[in-house]
Amino acid sequence: IEETLVLVKPDGVARNLTGEILRRIEAKGYSLVDIRMVQADRELLAQHYAEHEGKPFYEPLMEFMESGPVVAMRVAGNRVIEGVRVLAGATDPTTALPGTIRGDFGRDWGLRVQQNLVHGSDSVESAERELSLWFA
Ligand code: GTP
Ligand code: MG
Numbered sequence: 005i006e007e008t009l010v011l012v013k014p015d016g017v018a019r020n021l022t023g024e025i026l027r028r029i030e031a032k033g034y035s036l037v038d039i040r041m042v043q044a045d046r047e048l049l050a051q052h053y054a055e056h057e058g059k060p061f062y063e064p065l066m067e068f069m070e071s072g073p074v075v076a077m078r079v080a081g082n083r084v085i086e087g088v089r090v091l092a093g094a095t096d097p098t099t100a101l102p103g104t105i106r107g108d109f110g111r112d113w114g115l116r117v118q119q120n121l122v123h124g125s126d127s128v129e130s131a132e133r134e135l136s137l138w139f140a
């Protein structure tokens, strides 16, 4: 059975959307295997977002992700990696479809980085790598 890393980002935690996000994941039939609240530090975030180093939104992304606690979840299910990405919706909340987490709750505040509530691993390799970072 496949596993993925889901993060409720600092905006999701601050807006009290952790339960709503987990509810959608469980309603879809996926199983919560582990969960923890974390104040992420630079080192963890740099490893998590290593693929984005050097991009224009990298520094704002780091600052956003360390601006408050995140809720990290290990979630299991059949094709859960792709499934959670579908539940999350498009990266940009402006164009994320209604019915998705980002489409229903994401706001475009015109910020330098999208505050898009949730992260889901994007591949089997990313999931394994990210789960070992957040659930060492
Ligand atoms: P994650 O699940 O958080 O990894 O989102 P994603 O896979 O949908 O997007 P991606 O990994 O490409 O980017 C990581 C995060 O960086 C996004 O969730 C956004 O917060 C931010 N980001 C990505 N691309 C852009 C961009 O072009 N401009 C801005 N301002 N922010 C971006
Ligand atoms: Mg990503």
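Number 117 in the UniProt record's numbering belongs to position 113 of the sequence shown; there are no gaps in the numbering. Ideal Cβ placement from N, Cα and C applies to all residues, glycine included. Bear in mind that the values here come from a model prediction, so they are computed numbers and not experimental data.
Limits of the beta strand (DSSP E) - the one that residue i falls within
{"i": "residue 80", "result": "74-81"}
{"i": "residue 36", "result": "35-42"}
{"i": "residue 141", "result": "In the structure displayed, the chain extends from 5 to 140; residue 141 sits before or after that span and is not available."}
CB of residue i within 7 Å of CB of residue j, strictly
{"i": "residue 22", "j": "residue 79", "result": "no"}
{"i": "residue 74", "j": "residue 42", "result": "yes"}
Where residue i falls: helix, strand or coil (DSSP)
{"i": "residue 70", "result": "coil"}
{"i": "residue 8", "result": "strand"}
{"i": "residue 117", "result": "coil"}
{"i": "residue 22", "result": "helix"}
{"i": "residue 102", "result": "strand"}
Residue i to residue j span [Cα, whole Å]
{"i": "residue 124", "j": "residue 114", "result": "23 Å"}
{"i": "residue 88", "j": "residue 71", "result": "24 Å"}
{"i": "residue 108", "j": "residue 68", "result": "21 Å"}
{"i": "residue 127", "j": "residue 85", "result": "7 Å"}
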